[in-house]
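Enquirer: Have a look at this one before I ask anything.
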């Protein structure tokens, strides 16, 4: 392989896009991995792994400082939101891969979704101001656009296939 090819497009001749699916799962789980121990540190027994949904449903009754309690609640909401969005992203990514969308487009849209979800998660947990929460909504929208980009790229490829 010529040196110029290695330098100009490192790794883009290969398709790594499907790795974004397990990365998305890690992004979804990260807020929970943060919230459970931090809640237990603030108030022992706040999170019970044997009854996780009950733990979060009863978080308001725990003696956790108000600001931290809000962040914990938003972290759980961010975790739920990413788990809700991950199947749509995965389906769009698999469809785009099956349609043989070019690797650079797959990497762009998958990377955009991953970056938007990481930023969205931090924004969800940290932003408390109602006006600034529009940032979180915008980041959510970027992720949706990435999914649409995958779907439309796949649809364009499939439209050329005679049925």
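In this note's numbering, the protein residues as written are 1041 to 1203. Positions of the beta carbon are idealized from the N, C-alpha and C atoms, including for glycine.
Just the C-alpha distance for residue 1042 and residue 1055, rounded to the nearest angstrom, thanks.
Expert: Legend: pLDDT at residue 1042 = 48, less than 50; position of this residue unreliable, value from coordinates given subsequently. Straight-line Cα distance between these residues: approximately 20 angstroms.
Enquirer: DSSP on residue 1053, reduced to helix/strand/coil?
Expert: Here residue 1053 sits in coil by DSSP.
Enquirer: If the criterion is Cβ atoms closer than 8 angstroms, does the pair residue 1133 and residue 1190 meet it?
Expert: In contact: residue 1133 and residue 1190 (Cβ atoms closer than 8 angstroms).
Enquirer: Quick check on the DSSP output: the alpha helix (DSSP H) that includes residue 1141 runs from which residue to which?
Expert: No alpha helix (DSSP H) holds residue 1141; DSSP gives it neither H nor E.
Enquirer: Assuming residue 1161 contacts residue 1092 (C-beta within less than 8 angstroms), just tell me the rounded distance between them.
Expert: No, residue 1161 and residue 1092 are not in contact; Cβ-Cβ is about 19 angstroms, not under 8 angstroms.
Enquirer: Is DSSP giving residue 1080 helix, strand or coil here?
Expert: Helix at residue 1080.
Enquirer: For residue 1191, report the span of its alpha helix (DSSP H) as first-last.
Expert: Looking at the DSSP string, the run of the alpha helix (DSSP H) that includes residue 1191 is 1173-1199.
Enquirer: Terminal residues of the continuous alpha helix (DSSP H) containing residue 1093?
Expert: From DSSP, the alpha helix (DSSP H) with residue 1093 extends over 1092-1097.
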